[in-house]
Amino acid sequence: MAVKSVRGLRVNYLIIFLSGLVLLITGILVFLLIVRNIYGSYEIKEILPTKNNLKSLSSEDRSGKVAILYSQYTENMLPSGSTWLKDNIDYWKKFTKNARMNYDIISDQTIELAKHLEYKLIVLPGSKSLSDKQIIQLKRYLEKGGSLFVTGGPATFSDEGKWRGWEFFTEVFGMKFNREIKPEETYKVHTLRGNLPLTAGVPTGYTLKIATWDRPIYAEVLEPRTTQVSFWYDFRKEAGLVREEIEKSAGIAFGSYGKGRFVWYGFELSSVLGVQKDYIYFEKLFNNSLNWLTYQPTAFVKDWPSPYDGALVFIPTLTENIGNITTLNSLINFKQFPATFFINPEKGLKNLGLLKSLGSKGDVGAIIDIGFIEFPEDTLNKLFSKETQFSNIGFATDTLSKILGKKVDAIMPQYGYYDDNTLQAMASKNISFLVTDSLTDRSVPEIRFRNDKPIMVITKTARDDYEIVKNYGLVNTDFQRYTYEEDIDRILFEGGLYVFKVHTNYQLQPQYASVIRDVLRYAKNKNMWITSLNGLKAWWSRRQGVEVRYEERSKRRIAVEFTNPSDNPTTDIVVQVNLNKKVKNVIVSSDIINTDIPRYELRNDNQTIYFYLERMGPHETRSLLVDFDNIEA
Numbered sequence: 286m287a288v289k290s291v292r293g294l295r296v297n298y299l300i301i302f303l304s305g306l307v308l309l310i311t312g313i314l315v316f317l318l319i320v321r322n323i324y325g326s327y328e329i330k331e332i333l334p335t336k337n338n339l340k341s342l343s344s345e346d347r348s349g350k351v352a353i354l355y356s357q358y359t360e361n362m363l364p365s366g367s368t369w370l371k372d373n374i375d376y377w378k379k380f381t382k383n384a385r386m387n388y389d390i391i392s393d394q395t396i397e398l399a400k401h402l403e404y405k406l407i408v409l410p411g412s413k414s415l416s417d418k419q420i421i422q423l424k425r426y427l428e429k430g431g432s433l434f435v436t437g438g439p440a441t442f443s444d445e446g447k448w449r450g451w452e453f454f455t456e457v458f459g460m461k462f463n464r465e466i467k468p469e470e471t472y473k474v475h476t477l478r479g480n481l482p483l484t485a486g487v488p489t490g491y492t493l494k495i496a497t498w499d500r501p502i503y504a505e506v507l508e509p510r511t512t513q514v515s516f517w518y519d520f521r522k523e524a525g526l527v528r529e530e531i532e533k534s535a536g537i538a539f540g541s542y543g544k545g546r547f548v549w550y551g552f553e554l555s556s557v558l559g560v561q562k563d564y565i566y567f568e569k570l571f572n573n574s575l576n577w578l579t580y581q582p583t584a585f586v587k588d589w590p591s592p593y594d595g596a597l598v599f600i601p602t603l604t605e606n607i608g609n610i611t612t613l614n615s616l617i618n619f620k621q622f623p624a625t626f627f628i629n630p631e632k633g634l635k636n637l638g639l640l641k642s643l644g645s646k647g648d649v650g651a652i653i654d655i656g657f658i659e660f661p662e663d664t665l666n667k668l669f670s671k672e673t674q675f676s677n678i679g680f681a682t683d684t685l686s687k688i689l690g691k692k693v694d695a696i697m698p699q700y701g702y703y704d705d706n707t708l709q710a711m712a713s714k715n716i717s718f719l720v721t722d723s724l725t726d727r728s729v730p731e732i733r734f735r736n737d738k739p740i741m742v743i744t745k746t747a748r749d750d751y752e753i754v755k756n757y758g759l760v761n762t763d764f765q766r767y768t769y770e771e772d773i774d775r776i777l778f779e780g781g782l783y784v785f786k787v788h789t790n791y792q793l794q795p796q797y798a799s800v801i802r803d804v805l806r807y808a809k810n811k812n813m814w815i816t817s818l819n820g821l822k823a824w825w826s827r828r829q830g831v832e833v834r835y836e837e838r839s840k841r842r843i844a845v846e847f848t849n850p851s852d853n854p855t856t857d858i859v860v861q862v863n864l865n866k867k868v869k870n871v872i873v874s875s876d877i878i879n880t881d882i883p884r885y886e887l888r889n890d891n892q893t894i895y896f897y898l899e900r901m902g903p904h905e906t907r908s909l910l911v912d913f914d915n916i917e918a
C-alpha cells in the first residue's frame, strides 16, 4: 500500500534568526534609550557587567565608602581609662550613618601601609597624634584626588606623643593656627556664613553654641585655595577691630590640596550644644560637608535679589530731642534710601505736624512699652501680662494709624524684649513687623506664625548708636563711621541683613548726622540692597515661597525641581545649584512637555549653576534635567 507524503510548512531558520536578532537589537536600543532618559549621557563601558563594575556593587568595594580613623597613637596620649576618642568615633558613626553613607573603621597602620588609597573620603576625628609615615601617605592621598574631613589640630603630635607643631595644618589646609579657646569660657558662639556650598539650607549668620571642653581652635586663612565658612568672634560681647578679629577666628574652612579636597572643623562633633533646631542645622552643615567632599550637589535659594550680597533696613528712632529728625531732610533722599521711622504715640500726639511729615517720607512704626526685663536671660513672666500687652499695642497702633491716615504695620518694644504674648497681640491686630533689640541666632529675618498670620521678626544684627556714641563715647565722626562700616563688612561677609538703627538723641544730633549719609552710601557702594520693611517683607515672602529639591541621577546628570507651593506668584528668584565639581557643556531640559526652562549660567570656576526664575505661578512646579560633561581635576 502506497503512503502519500504530507507537505507541511517549511521552517526558514534564517528568517527566525534574523527576526530574533532584530528584536534583540531593538530591545537593547530601547534599554539604552531608557537608561539615557533616566541617567543622562553615559559610556557603554559604565553599564557593562565588567569586573570593576561588579566590584563597585559589592560590599568589599572601598571607593564608595568613608574611612574613619581610630588613631591608637592619639589614644595613647590620653589619660588612662579615657573614652574621649571612642566617644568621638561613635559620633562620627552616627552622623555618617544618618547621611546614608557606608563606612569602615581603619587603624593608623592602614594609612601607613597605603591601604587607604581606594577610599573616597578619610575622616580624621581629633587625630592629634600621627606618624611621619601617615603624614606622607595622607598628602599623597590628597594629591591624587582624595578627600579629608578633619577636626581639631591634626598631626600636631608625633606617634610617640611628642610635640610636632602646626606644619601639617598650615601646609595642607593653607591656614595658620592662632589660639585655642580656654575651657573656662564654658561655651563659645560660632557664626556661620550663608550662601556657601557647606551652609546650604542653614540660615545666614546662624550661631551654633560650641562647648569648650575640647579646646576649639581659632585659625586664619592664608591662601586663596581655602574658604572660611565661620568665625568665633562675637560682636555682641567682644571688643577689637571687627575685620581683623573675624579673619583671625575661623572655625570651619574648606578647600583643596593638589587634586584633593578637605573640610576642617576647629571643634569636635560632640561639642555642639543647643536645642533641637541647632542639631538639625548642624546636621545639614555636616551633610553638606560630606556632599562637597564627595562631589555631590547642594542647592539653595539666594537670600537677596540679584545681584546683591547683603541687605540694609534704615530705622531712625525718635526718643529724646525728636526735633533732630529734621536733620535728615537735607542729607537723605528717602526714595533712594527708604526709612521706617519709629516713635512713641504719646510723643506723636504732642508733635502732630512732625508725625505727619514723617508719614509723607516713609513708613512709621510704634514704640510700645510692653514691660522691662532687668536680666536678659530671665524673660519668663517678666513682661506685662497678656491683657496689658494687647491693650498697649492696640492703643499705640490705632492712635498712629488714625493720625497718619494709613495703617501702622510695625512695632518696636521700648526696652527691646518681647514674648509670645507680644506675637499673639500682633497677630490679633494684623501687625506684620517686630523690630527688637533681642539677640538672635541668625542675621536674616525670621517669620513666626501666630493664628496662621506671618510676623517678620527683625532682631539686632549690628551695633547701633547707643553703643557707638553712648557706650563707646565716640564723638569723632571718623571713628563713628569706621565702626558702622566694620559691621557692614561683617554682615556682607555673612551675607545677612544690616539693621541700621539710629536715635534722635545720639547719631541724629546735628554734629553727627552726616555720618548716616556716609554709611548709607558705603553700604550701597558695597553692593547692599537698601530697602524698606515692606520691600523686605515682599521679597522674603517670595523667596521663602520657592522650594528646591535636587537629586544626582548619574555622573553627568542631576535632576532639579522648583516648586512654588503658595497661593501667590513669585518673581525674580535666583537659585544656586552647587555641582561641587568642574563641568562643561551644560544643557538644561525637561522630560515634561511645555516646561518653561529658566535662564541659567555656569559660574564659580565652572562648579555652580545659577537659575534665574523670573516668575513662577501659584502652585507651579518645574522639573528640570541638568546634563553636563565633567572636567577632570
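Be aware that the sequence shown starts at 286, since it is given in this note's numbering, and climbs by one per residue.
Cβ atoms here follow ideal geometry from the backbone N, Cα and C, with glycine treated the same way.
Fair warning: this is a prediction, and the values are worked out from it, not measured in the lab.
Within 8 Å, strictly: CB atoms of residue i and residue j
| i | j | result |
| --- | --- | --- |
| S541 | R510 | yes |
| E553 | G366 | no |
| G650 | M697 | yes |
| D774 | R748 | no |
| G459 | L427 | no |
| G644 | S817 | no |
| Y580 | K866 | yes |
| G551 | A504 | yes |
| V720 | T762 | no |
| D375 | A352 | no |
| Y518 | T497 | no |
Residue environment, residue i, which counts as buried when at least 16 other CB atoms sit within 10 Å
| i | result |
| --- | --- |
| I804 | Contrary to the premise, residue 804 reads as Val rather than Ile in this sequence. That one is buried. |
| W825 | buried |
| T856 | exposed |
| L797 | One detail in the question is off: residue 797 reads as Tyr in this sequence, not Leu. Classification for Y797: buried. |
| K340 | With a pLDDT of 47 at K340, under the threshold of 50, the modelled position of that residue is not reliable, and no figure is offered here. |
| D417 | exposed |
| T436 | buried |
| K413 | buried |
| E836 | exposed |
| K429 | exposed |
| Q419 | buried |
| E530 | buried |
| P623 | buried |
| G431 | buried |
| Q621 | exposed |
| E345 | Any reading at E345 needs caution, since the residue's pLDDT is 49, under 50, leaving its predicted position unreliable; the model's value is listed next. Result: exposed. |
| R827 | buried |
| D704 | buried |
| L306 | exposed |
| E779 | buried |
| N373 | buried |
Residue i, DSSP secondary structure in three states
| i | result |
| --- | --- |
| R735 | strand |
| R834 | strand |
| K786 | strand |
| W369 | helix |
| L477 | strand |
| P623 | coil |
| A352 | strand |
| I617 | coil |
| S541 | strand |
| W824 | helix |
Through-space distance from residue j to residue i, alpha-carbon basis
| i | j | result |
| --- | --- | --- |
| L777 | Y358 | 42 Å |
| L370 | A584 | 34 Å |
| F657 | L668 | 6 Å |
| G608 | Q794 | 9 Å |
| P501 | N463 | 11 Å |
| M901 | T848 | 8 Å |
| M362 | K467 | 20 Å |
| K379 | Y702 | 38 Å |
| P630 | S723 | 22 Å |
| L640 | L887 | 50 Å |
| P883 | L782 | 28 Å |
Review point. Would you say the region 901-917 touches the region 866-886, given that touching needs at least three Cβ pairs under 8 Å?
Key: A contact exists between the region 901-917 and the region 866-886.
Review point. Does the region 781-796 come within contact of the region 597-615, defined as at least 3 CB pairs closer than 8 Å?
Key: Taking 8 Å as the limit for Cβ pairs, the verdict is that the region 597-615 does touch the region 781-796.
Point to revise | the region 718-738 contacting the region 484-503, beta-carbon criterion three pairs below 8 Å | key: Under the Cβ criterion (8 Å, minimum of three pairs), the region 718-738 counts as touching the region 484-503.
**Study point:** Contact between the region 512-522 and the region 476-485 (3+ Cβ pairs under 8 Å)
**Key:** Judged by Cβ distances under 8 Å, the region 512-522 makes contact with the region 476-485, as three or more pairs qualify.
Practice item. Check whether the region 713-722 touches the region 667-686, counting contact only when three or more Cβ pairs, one atom from each stretch, lie closer than 8 Å. Key: With the cut-off at 8 Å, the region 713-722 and the region 667-686 touch.
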